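Numbering follows our numbering, in which position 113 of the sequence shown is assigned residue number 383; successive positions increment by one, without gaps.
Please read the structure below before turning to the comments.
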Amino acid sequence: MIASVRKAPRITQDAARRILSELYEIEGSAVPLPSERDQNFLITRPDGNKFVLKIANTEESFDFLDLQNRMMQFLAGRKVDLEFPRVVATKSGDGIARIKDEDDREHFVRLLTWLDGECFAEAPPHRRKLLASLGRALAQMDAALVEFSHPAAHRDFYWDLRNAGIAREFIGLLPDDRRNLVKRFFAEWEKIDWRRLRFSVIHNDANDYNILVRGREPSKRRVTAILDYGDVVHSATVCNLAVALAYVILDKPNPIGAAAQVVAAYHEIHALTEAEVDVLYTLAVTRLCCSVCYAARQTRDVPSNEYLNISNAPAWALLEKLSTLALEWPTQVFRYACGLPVLKEAPSQSGRTSSELVSARKERLGSSLSVSYQTPLHIVAGSRQYLYAADGRRCLDCVNNVAHVGHSHPFVVRAAAEQMATLNTNTRYLHDKLIEYCERLTALLPQPLSVVYLVNSGSEANELALRLARAHTAREDVIVVDGAYHGNTSAMIDLSPYKFDGPGGRGCPAWVHKVPAPDVYRGEHRGADAGAHYAQTVDDAARQNNPAAFFCESALSCGGQIILPPGYLKQAFAAVRAAGGICVADEVQTGFGRAGSKFWMFETQGVVPDIVTLGKPIGNGHPLGAVITTREIADSFANGMEYFNTFGGNPVSCAVGLVVLDVIRDEELQQNALEVGQYLKEGLSQLQQEHPLIGDVRGLGLFIGIEFVRDRETLEPAETEAAPIVERMKERGVLLSTDGPFHNVIKIKPPLVFSRTDADVVISNLSSVLKDFETRFQSTNCL
Ligand SMILES: Cc1ncc(COP(=O)(O)O)c(C=O)c1O
């Protein structure tokens, strides 16, 4: 069954040129290309046009070559964003011709058009977009091939991963010290229940020399073609992706992270089943194991064939690296990539029903705590941008910005668990991670922001910022923006109009001075100079009150997802500084790439604050916060009284903080926020054209607000409409919530792994809900 390389054709370059001329009436040069079983020549015509002359192994049947030709033609006619080689007919019109070699053996010959591009293997670095484009290409191909069939695909083929047992026979040829490594992976392959997988015709050889890439800049590189149909077989569909992954993970510092990018993109186009996800890693490693086993066998048989060894050394290095990983870990990462609960078996719950939990909450928790939605959600698992309810329902999370890099991101979980299992103490001991984290954070901030205090929450961060400001200025008063929320401590409640002006609030304290929210939609100033007008209100407050500080969120969250007008902070900061105060940017909601165009939202205003406070996304759900300030302000605070925070900056928090920064960088989440945010905003603006209820759509990156109004002229807020719309979206599995002084703004600030498909889900569901809503309103004239 193994096509012997001894039966590979032996055609000289001269003979290749003759074949070309006689069969195809094409003149050109013929340069041999590497191949395991066949013989391929790159043909270049004098006019520069290129072709591949493919001379098949004597064992290759006509039917099988016909399958390859038909498959390429089939795919070229489908919605697959790839180029496919065209079959050039002989002068007598055949797609497949016959020739005899010097030993009088018959071979089939085909001539295909040449596709330009670099090999994936030779186009590092493999950035997120390139990996995602590979995932998409494979998914489109597999999705199209569901409708393709050919009798020759139903063959017994040794590279079919179902037949990995054939490769296993050669384990004895491997070096002694490596045999066990491979055996362990084959043992996992043996456990695969193939009946649970879907079957179709698959390409089966998207190795890194068969994938073509184009694009000069690394960030713009895309997969443009997948070549070589010589391994096509009818098998488990997931094997196609597994084969590609086996090569994607070669030579990568973070092989599983790279593979996850491909898997996530694939899944978005052609969803994998849970059974497929769970065997994907085993199949990918099995492919590597087959590769080293067949290479050992063929090296024994034909020691001179270089091609056989091309991927051998990296494959061994990789197998050794992978053997140090817990077997279940890559599968957990792939499950996460597909938004499945990371653990197959979730830890058991108490078994209480939702209503029992509600009653127990009433008894045991302070009643000042609310619960989201009329029928509260009982969430038992999170993965990526999804939350899973106890009844198994999956919800698309559009609001929990805390899970910044994705719910239960396995890299974050692992970093926390490993550090927890190693050491967790406090910042009075020396620790590498504490320093590394502070260095990494400050490297992301502009000078002179260079001194870090690590705390446990956004409230604590702002509380400390207030102390720093007061210590530095020896003043007490603070200017805040109307509608703002800065935290839950006593001082922060006093500093949060959202609280002190709301139910149970005691009004604005004497040391706090409110300025209007710089709202260009319903505020007093709306034109191009709105930023300057609103900044003037800060100037006025600063001149009148000798402030210690001006606290301002870099985009207003509770205030109604308001993006600051251009020039606002620049002018406001200048006024506050001129009055002797310092400027605090509360980035608790907005930091870490959410803005898309910038890593920090304050950068979109072109300013450098004196203090920046961080929280929520910083630890992806682990309680962590930070205050970053200048050396000068930090020195003013060092008046002899120690600032110590028991948990702030502990090694686990630092490990988590570090890995969150890694993931944001490696998964290019800021760029994703930019692109998907823009796409979502455009879709919502389109909805706005169709639904008068939507008065305004605003946002930067994945920080978006949709403001509902009853009348676009008067801007009468749709105070009671937004909440039921949010409820209905929840019933459809899309989690949103409301904000703003009139609770008429729907906020969207999802984990940054949010995709275009997710954006489409939000838009189509919101469209249906709004249509339904408007129909009812028209028939009953009430909402
Ligand atoms: C802008 C802003 N600052 C500070 C905080 C307080 O953060 P935490 O709840 O982590 O104490 C919040 C919380 O919602 C916030 O939105």
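From the three backbone atoms N, C-alpha and C, an ideal C-beta is built for every residue, glycine too.
The structure displayed is predicted, hence computed values, not measured ones.
DSSP three-state assignment for residue i, whether helix, strand or coil
| i | result |
| --- | --- |
| I281 | coil |
| L950 | helix |
| C853 | strand |
| P302 | strand |
| G652 | strand |
| S955 | helix |
| G885 | coil |
| L970 | strand |
| C668 | coil |
| L1005 | strand |
| G965 | strand |
| H677 | strand |
| Y658 | strand |
| C828 | coil |
| H892 | strand |
| L290 | helix |
| A407 | helix |
| A713 | helix |
| K868 | coil |
| F770 | helix |
| T494 | strand |
| M271 | A caution first: M271 carries a pLDDT of 45, below 50, which makes its placement in the model too unreliable to give a value. |
| E938 | coil |
| A393 | coil |
| E388 | strand |
| R438 | helix |
Rounded C-alpha distance that separates residue i from residue j
| i | j | result |
| --- | --- | --- |
| L736 | L1022 | 30 angstroms |
| L734 | L400 | 43 angstroms |
| Y551 | P600 | 6 angstroms |
| Y699 | T712 | 21 angstroms |
| T769 | P786 | Contrary to the premise, residue 769 reads as Lys rather than Thr in this sequence. Cα to Cα, the separation comes out at about 16 angstroms. |
| V877 | A855 | 10 angstroms |
| P836 | T623 | 50 angstroms |
| V513 | Q309 | 23 angstroms |
| D333 | A541 | 31 angstroms |
| L954 | H961 | 10 angstroms |
| L592 | E598 | 11 angstroms |
| G387 | T494 | 8 angstroms |
| R307 | D501 | 11 angstroms |
| Q655 | P1020 | 7 angstroms |
| C608 | G676 | 12 angstroms |
Residue i vs residue j beta-carbon contact at 9 angstroms
| i | j | result |
| --- | --- | --- |
| D507 | L553 | The question names Asp, but residue 507 is Thr in the sequence shown. Cβ atoms of T507 and L553: not closer than 9 angstroms. |
| R348 | H420 | no |
| G947 | G975 | no |
| G885 | G728 | yes |
| A812 | I852 | no |
| F440 | N433 | no |
| F469 | T556 | no |
| I1033 | Q959 | no |
| P887 | V933 | no |
| S827 | L944 | no |
| R406 | E538 | yes |
| G772 | A731 | no |
| D764 | G829 | no |
| G969 | S923 | no |
| S331 | A422 | yes |
| I964 | F1043 | no |
| C668 | F978 | no |
| R491 | S403 | yes |
| V481 | L415 | Reading off the sequence shown, one finds Ile at residue 481, where the question assumed Val. In this structure, L415 does not lie closer than 9 angstroms to I481 by Cβ. |
| L444 | V562 | yes |
| N1014 | E997 | no |
| T328 | P395 | no |
According to DSSP, residues forming a beta bridge with residue i
| i | result |
| --- | --- |
| S505 | S470 |
| I325 | Q309 and V379 |
| G975 | R968 and K1017 |
| K370 | E376 |
| T314 | S299 and K320 |
| V782 | V748 |
| L724 | A896 |
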